[in-house]
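Student: Protein sequences appear in the order of chains A and B. Going by the numbering used here, the first sequence opens with residue 94, and the numbers climb by one from there. Going by the numbering used here, the second sequence opens with residue 6, and the numbers climb by one from there. Think of the CB as a built atom: it goes at the ideal place given N, C-alpha and C, for glycine as much as any other residue.
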Amino acid sequence: MSIFVDESTKVVVHGLTGGQARFHGLRNRDYGTKVVAGVNPAKGGQEVEGIPVFASAALAREATGANASFVAVPPKAAPGSILEAAAAGMEVIVCITEGIPAQDEARVYSELQHNYPKSRLIGPNCPGVITPGECNIGITAGEIALGGGPVGIVSRSGTLTYQALYELKQMGIGVTTCVGIGGDPVPGTSFVDCLAAFQADKDTKAVMLIGEIGGTAEEQAAAFIKQHVTKPVVTYIAGVTAPPGRRMGHAGAIISGNTGTAQAKMQALAEAGVRVASNPTEAGELMAEVVRQL
Amino acid sequence: MDLFEYQGKQYFARFGIPVSPGDVAQTPDEVVRVADRLGYPVVVKAQVQVGGRGKAGGVKLAADAGQARAHAEAILGMDIKGHTVHRVWVEHASDIAKEYYASFTLDRGAKAHLAMVSSRGGVEIEQVAAEEPAAIARLHIDPYEGFDEQQARRLVEEAGLDPEARAGATKVLLALYRCFVEGDADLVEVNPLILTPDGRVHALDAKVTLDDNAAFRHPEWEEFAGAAEMDQRERLAKSYGLQYVGLDGFVGIIANGAGLAMSTCDVVNQVGGSPANFLDIGGGASAEVMARALEVINTDSNVRAIFVNIFGGITRGEEVANGIVTALGRVDIKVPMVIRLDGTNAEQGREILRSVESETVLTAPTMMAAARKAVELAGGKL
């Protein structure tokens, strides 16, 4: 079992004919993901390494039965692709695009809620989602992930996600699904969405939550854990030493005043019964301890 | 990108938000010239991106040219909380009947726009929020549905703005929302928004933070970019397209990914060191990018050791290692360096790094071990 994606997920890659989308789309297929189609309005009817390309997501879905979209097109085009995928009825839309204007992101999120509530957007500006051995949509290097559970991972940071997968694999601990929700101001899928899904997934026995400074997502996660999550949770929050009011590379990683600091987030999570690690290695070790006691 | 007040007012004016006539000046002569043209009295305001400039003596009223010159001489070059004043904004002084507050921002928790309006303007809004939260009227706006006149009117009433200010304030709010959305701002704030004795409502200050991600559709932002407050290190990093934030410590940090870079700063701190910077070189870690990162670190005389922390994902360990080796051939580093390379094909990568290992270029297998080593080499206390 897993959350959001599994071996039955059939993926359409937007912009498969070139650039990042082609590179990562083909990598995902090589990993074993069922990449069934590409989309390019100008190149319908062509093929990319045996994968048929359609002029729209709707046509691709109709012809292949695809139920997920992978959006890796530039920031200008990404909002349009996300909405096109949703209009075509895709259940999961993974967008790795970095640099989408915040106003576009907020409007797209809101439009999805209004018009396409059944479509789940993961990202933007995220590494994607991987259920090891079954489906990898995004830019995670599949070989650093060990499948089979019992741990579910949800993370706001890209490289720290890989670090977590890797640390767990080194210790022989498998993962059900690893979701990178991304560091942007308005992620389509939140910590809370993933925590609810992991709580409901019978093969996920424990959850690793990797957060960073800025926003209130970790505080919201803490409140949700307190009320609804009975499975053990281990967390690591990056950015303890970040100075207030400065951006740290991500649009998401900015703190102002006392809100959104790493300390405040760690405290909220600790109060919700979450085991809080002070560095990524310690997070792996804490999780190993949790898994031993399962 | 944070705008200075004068830039914020210029931006406001594009969207029809009323501001006082004024101009920016960099010398006392210019200040007097602008003031003569506007007519006295004028206000001379220091342009720095930090709060509390009034208290610091950075905002002065001048009744005539002599006073304008004296204030300009005092304020230009002044240091306000570590920010040197290079420019002043000179505007015609406004008669103030009432001071209000208005802002739009994105509430990330609610995933919606947030409007805030208060009849308590002219003071720190955080203080109002803490002492008297009911004095601030708040409204969440659905970004897809937008903000209409009826909502604006209701918000102004709820905030308790004086009846004679309501029509004017409603118009300002609608224009300010357009500035926020169409102007691609993360924040627009007016404090104070004033009511004049003759019944006009206008912005006496302007705080605008633009969303850098939207720069591609705003060629007009070019003119703002030049004035940004950056130190030399940050300027060089920006010209190289690197994500860099200068800090005060002595261990230079290079990492791939924002989260890992932040985490690297934290770990250095945990083992008794202090990061000199945050530097995210992104996923690729090519020789080119690595060389540029080392160049930026080299300009920082506080750096006593460098910690390179790379996790190979799609970019494999051997590619990263080759990048580091090439970069070291091109840039002469002045201080010892510790490299931690992990992830995909890390073993092969470490093998390649052995060719450059020396007393000053070291490798370490884990993040913690590398952090300790770097801090030790920098002479920090473990």
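Which one or two residues does DSSP pair with residue 195 of chain B in a beta bridge?
Tutor: B:107
Student: Anything in chain B within Cβ reach of residue 199 of chain A, meaning under 8 Å, just list it in chain order.
Tutor: 111, 116, 117, 118 and 148
Student: Between residue 270 of chain B and chain A, is any beta-carbon pair separated by less than 8 Å?
Tutor: yes
Student: Taking a contact to mean a Cβ-Cβ separation below 8 Å, would you say residue 33 of chain B touches residue 67 of chain B in this structure?
Tutor: No, these two residues do not count as a Cβ contact at 8 Å.
Student: Label residue 111 of chain B either buried or exposed according to how many other C-beta atoms from any shown protein chain fall within 10 Å of its C-beta, with 16 as the threshold for buried.
Tutor: buried
Student: Residue 265 of chain B touches chain A at which residues, Cβ-Cβ below 9 Å?
Tutor: 250, 251, 252, 253, 255, 256, 331 and 373
Student: Identify which residue in B:164, B:145, B:151 and B:149 has its Cα closest to the Cα of residue 133 of chain B.
Tutor: Nearest option by C-alpha distance: B:164.
Student: Under three-state DSSP, which class holds residue 103 of chain A?
Tutor: strand
Student: Would the beta-carbon of residue 274 of chain B fall within 8 Å of that of residue 333 of chain A?
Tutor: yes
Student: Given a cut-off of 8 Å, decide if residue 60 of chain B and residue 76 of chain B are closer than it, judged by their beta-carbon atoms.
Tutor: no
Student: Taking only the alpha-carbon atoms, compute the straight-line gap between residue 72 of chain A and residue 243 of chain A and give it to the nearest angstrom.
Tutor: What the structure shows of chain A is the stretch from 94 to 387, and residue 72 of chain A is not part of that stretch, so it cannot be assessed.
Student: Using the Cβ count rule (16 or more neighbours within 10 Å means buried), how would you classify residue 26 of chain B?
Tutor: By the neighbour-count rule (16 or more Cβ atoms within 10 Å), residue 26 of chain B is not buried but exposed.
Student: Could you give the residue range of the alpha helix (DSSP H) that holds residue 123 of chain A?
Tutor: 112-124
Student: Give a yes or no on whether the C-beta atoms belonging to residue 250 of chain A and residue 263 of chain B are separated by under 8 Å.
Tutor: yes
Student: Relative to the C-alpha of residue 358 of chain A, which candidate in A:304, A:291 and A:252 has its C-alpha closest?
Tutor: A:304
Student: How about the region 293-308 of chain A and the region 318-332 of chain A: do they share at least three Cβ pairs that are nearer than 8 Å?
Tutor: yes
Student: Which bits of chain A does residue 280 of chain B rub up against, with CB to CB less than 7 Å?
Tutor: Neighbours of residue 280 of chain B on chain A, chain order: 334.
Student: Counting contacts by CB-CB distance shorter than 8 Å, is residue 389 of chain B in contact with chain A?
Tutor: In the structure displayed, chain B extends from 6 to 387; residue 389 of chain B sits before or after that span and is not available.
Student: So for residue 230 of chain A, helix, strand or coil by DSSP?
Tutor: strand
Student: With DSSP as the reference, please indicate the residues paired to residue 248 of chain B in a beta bridge.
Tutor: Answer is B:285, bridged to residue 248 of chain B.
Student: Looking only at DSSP bridge pairs, what is residue 271 of chain A linked to?
Tutor: A:223 and A:246
Student: Give the residues of chain A in contact with residue 252 of chain B, contact being defined as C-beta atoms less than 8 Å apart.
Tutor: 334 and 336
Student: Taking 8 Å as the CB-CB cut-off, is residue 177 of chain A touching chain B?
Tutor: no
Student: In chain order, which beta strand (DSSP E) runs of at least 3 residues are fully inside the region 14-56 of chain B?
Tutor: Counting whole runs of 3 or more residues, the region 14-56 of chain B contains the beta strand (DSSP E) stretches 27-30 and 47-51.
Student: Assuming residue 323 of chain A contacts residue 294 of chain A under a Cβ cut-off of 8 Å, what Cβ separation, rounded to an integer in Å, is found between them?
Tutor: With 8 Å as the limit, residue 323 of chain A and residue 294 of chain A do not qualify as a contact, their Cβ atoms being about 13 Å apart.
Student: DSSP puts residue 346 of chain B in a beta bridge; with which residues?
Tutor: B:315
Student: Do residue 223 of chain A and residue 187 of chain A come within 8 Å of each other at the CB atom, strictly closer than that value?
Tutor: no
Student: Which residue's Cα is closest to the Cα of residue 17 of chain B: B:308, B:245 and B:177?
Tutor: B:177
Student: Between residue 11 of chain B and residue 48 of chain B, what straight-line distance do the alpha-carbon atoms span, to the nearest angstrom?
Tutor: 13 Å
Student: Is any heavy atom in the ligand ZN found nearer than 7 Å to the beta carbon of residue 382 of chain A?
Tutor: With respect to small molecules bound, the structure shown includes none, and the ligand ZN cannot be examined in it.
Student: Return the chain-ordered list of same chain residues with a C-beta closer than 7 Å to the C-beta of residue 171 of chain A, the five sequence neighbours on each side being excluded.
Tutor: 164, 188, 190, 193 and 217
Student: Ignoring anything shorter than 3 residues, give me the beta strand (DSSP E) runs that lie fully in the region 133-163 of chain A, in order along the chain.
Tutor: 144-147
Student: Identify which residue in B:55, B:20 and B:206 has its Cα closest to the Cα of residue 185 of chain B.
Tutor: B:20
Student: Just to confirm, are residue 106 of chain A and residue 114 of chain A a CB contact at a threshold of 8 Å?
Tutor: yes
Student: Do residue 153 of chain A and residue 130 of chain A have their beta-carbon atoms positioned less than 8 Å apart in this structure?
Tutor: yes
Student: In whole angstroms, what is the alpha-carbon distance linking residue 24 of chain B and residue 105 of chain B?
Tutor: 14 Å
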